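As structure tokens, the structure follows; a few thoughts come after it.
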Amino acid sequence: MAAGGAALGVIPVGARAERLLSLPGWQVRIAAPEPVAAPLAATLSAIAVAEPLPPFEVSVSEDGRQAAGTAEGRLLWSVALPRSGWLPLLVGQVGATATALLRRLLFIHAGAVAVEGRAWVIIGESGTGKTSTVALLTRHGAAYLTDEITLLDPAAGTALPFPLPMAVKPWTAEAVGPLPEGSEVANEGSVRFYLPADRGAGPTSVRAFVLLRPGGRPELKPLSRAEVLMALGQHHSSLRYPHRLEDAFAGFSRLLRGARCYSLTAPSPAAAAELLTAAARAS
Amino acid sequence: MSTSFLATELDGEVVLLDVPEARLIQVDAWSRQAWEACEGRTTEEVAAVLRAPAKRVREALQALAGTGLVSEDQGRWLRAALRWV
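The structure is reproduced here in structure tokens:
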């Protein structure tokens, strides 16, 4: 396997480019106009997948308006790309593809950080402040695991890094203020893709699952494991894939038994991060 | 044996996965007691075992029947097979 992030760039004719990303655990080929291929490759280049996935290809039409994803000779998805916001859409499609190709690891649409060597998984719908909370926690000393896709090993009870850059939207930047130390790898439309420097390097034992509920007075309170499992049934996770249903149910049960579970309400990501930091350091 | 339901116990609470319907079902402590006591019994017999009003037992078992976890045959309750994980 080639070193993580190594990219072989080939520009055969005109402005169309082919890039092969030999990421740890995953080969991703991008065939797209160069203005699309370059930022997409930069955004994906930090990904590492602990479970080997089949090679995947993203192709984008010459006019940059259509994209498709294929793996093992099968068309997995096809989308129309907007004039603005195409990069977050493509990155989201690639991330979702990785979750669909998993066979052993589980995933939750959740942010995750490591505090003092233990992982805190922050579950919330889009727009509830996951990225902002993760960014603030990272700025205050946590190691970044992911802001969107938490990979979990149910056999080991661990969370694994899936270091796509944080997708920093305007409201995220406003809520967070200064971002943690790191670098902007790409930007498009109103989204900046920002990769924190302090990232988790490997499996991290899961300490807690936190259901993030925006609004209300700041409160972190224990939640039953059964309630969290029920919440996962309504959330985007491996339970959404029919071929993973039974092993995801068993795997999440196992992971939950080894972790603490909380409900977190907070009027702002800053308040949420403050509560989580205090809880993580006290536990 | 093939089963339609997987079950897990978390802190004394039971959550079931209805595999064909791809849905999760949370069973409270009272319904679990009714479920555990019902096999081959009538509602009145279950009520006697649980020392509970027959009306309450019937309501719980009918709710469980709505999910497919139990069924009634000639007045006696039968439990669906579960696989615990």
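Here the protein sequences line up with chains A and B, keeping their order. Position in the first sequence (first residue = 1) + 1446 = the numbering used here. Numbering follows the numbering used here, in which position 23 of the second sequence is assigned residue number 20; successive positions increment by one, without gaps. Note that the Cβ used here is the ideal one computed from N, Cα and C, for glycine as well. Please read all numbers here as calculations on a predicted model, not as lab measurements.
Three-state class that DSSP yields for residue i in the structure shown
i	result
residue 1622 of chain A	helix
residue 0 of chain B	coil
residue 1703 of chain A	helix
residue 1471 of chain A	coil
residue 1578 of chain A	helix
residue 82 of chain B	coil
residue 19 of chain B	coil
residue 1661 of chain A	strand
residue 66 of chain B	coil
residue 1725 of chain A	helix
residue 39 of chain B	coil
residue 1537 of chain A	helix
residue 1667 of chain A	strand
residue 49 of chain B	coil
residue 1491 of chain A	coil
residue 73 of chain B	strand
residue 1568 of chain A	strand
residue 1709 of chain A	strand
residue 32 of chain B	helix
residue 1714 of chain A	coil
residue 1675 of chain A	helix
residue 1547 of chain A	helix
residue 1583 of chain A	helix
residue 1500 of chain A	coil
residue 1720 of chain A	helix
8 angstroms Cβ cut-off: residues of chain B touching residue i
i	result
residue 1679 of chain A	20, 21
residue 1670 of chain A	7, 8, 10
residue 1703 of chain A	7
Proximal chain A residues relative to residue i, where beta-carbon distance stays under 8 angstroms
i	result
residue 14 of chain B	1691, 1692, 1695
Interface partners of residue i on chain B, CB under 9 angstroms
i	result
residue 1654 of chain A	The contacting residues do not exist; residue 1654 of chain A stays about 15 angstroms from chain B at best.
residue 1657 of chain A	None at all; the shortest Cβ gap to chain B is about 15 angstroms.
residue 1626 of chain A	Per Cβ cutoff of 9 angstroms: no residues; residue 1626 of chain A is ~34 angstroms from chain B at best.
residue 1642 of chain A	By Cβ distance, chain B contributes nothing, its closest Cβ being about 33 angstroms from residue 1642 of chain A, past 9 angstroms.
Beta-ladder partner(s) of residue i, from DSSP
i	result
residue 1650 of chain A	A/1605
residue 1590 of chain A	A/1559, A/1645
residue 1640 of chain A	A/1612, A/1630
residue 1553 of chain A	A/1597
residue 1513 of chain A	A/1506, A/1525
residue 5 of chain B	B/12
residue 1683 of chain A	A/1554
residue 1520 of chain A	A/1517
residue 1698 of chain A	Per DSSP, none; premise fails for residue 1698 of chain A.
Exposure of residue i, with buried meaning 16 or more beta-carbon neighbours within 10 Å
i	result
residue 1627 of chain A	exposed
residue 0 of chain B	exposed
residue 1530 of chain A	exposed
residue 68 of chain B	exposed
residue 1491 of chain A	buried
residue 12 of chain B	buried
residue 1715 of chain A	buried
residue 1541 of chain A	buried
residue 1712 of chain A	buried
residue 1600 of chain A	buried
residue 1634 of chain A	buried
residue 50 of chain B	exposed
residue 48 of chain B	exposed
9 angstroms Cβ cut-off: residues of chain A touching residue i
i	result
residue 54 of chain B	None at all; the shortest Cβ gap to chain A is about 23 angstroms.
Neighbouring residues, chain B, relative to residue i (Cβ below 7 angstroms)
i	result
residue 1699 of chain A	5, 7, 82
residue 1600 of chain A	Neighbours of residue 1600 of chain A on chain B: none; closest Cβ ~11 angstroms, over 7 angstroms.
residue 1676 of chain A	12, 21, 23
Contact test: residue i Cβ vs the ligand SAH heavy atom, cutoff 7 angstroms
i	result
residue 1603 of chain A	Absent from the structure shown: the ligand SAH. Ligands present: none.
CB contact below 8 angstroms: residue i versus chain C
i	result
residue 1479 of chain A	Included in the structure are the protein chains A and B, with no chain C among them.
Discussion item. Closer than 8 angstroms is the cut-off here; do at least three beta carbon pairs connect the region 1490 to 1499 of chain A with the region 1460 to 1477 of chain A?
Written reply: Flag = yes, the region 1490 to 1499 of chain A and the region 1460 to 1477 of chain A touch.
Item to complete: Report yes or no: do the region 1707 to 1716 of chain A and the region 1651 to 1658 of chain A share at least 3 C-beta pairs separated by less than 8 angstroms?
Response: yes
Worksheet item: Does the region 1557 to 1577 of chain A come close enough to the region 1503 to 1523 of chain A to have 3 or more Cβ pairs within less than 8 angstroms?
Response: no
Worksheet item: Per the contact definition of three or more C-beta pairs closer than 8 angstroms, is the region 1681 to 1700 of chain A in contact with the region 1554 to 1563 of chain A?
Response: yes
Practice prompt. Pair every Cβ in the region 1580 to 1589 of chain A with every Cβ in the region 1615 to 1623 of chain A, then say whether three or more of these pairs are closer than 8 angstroms.
Written response: yes
Discussion item. With three or more beta-carbon pairs closer than 8 angstroms as the criterion, would you say the region 35 to 44 of chain B touches the region 72 to 79 of chain B?
Written reply: yes
Discussion item. Across the region 1688 to 1702 of chain A and the region -1 to 18 of chain B, are there enough close Cβ pairs to call them in contact, namely three or more that are closer than 8 angstroms?
Written reply: yes
Practice prompt. Mind the definition here: the region 1657 to 1673 of chain A touches the region 1605 to 1620 of chain A only if three or more C-beta pairs lie below 8 angstroms; say whether that holds.
Written response: no
Item to complete: Would you be able to state if there are at least three C-beta pairs under 8 angstroms between the region 1633 to 1642 of chain A and the region 1667 to 1675 of chain A?
Response: no
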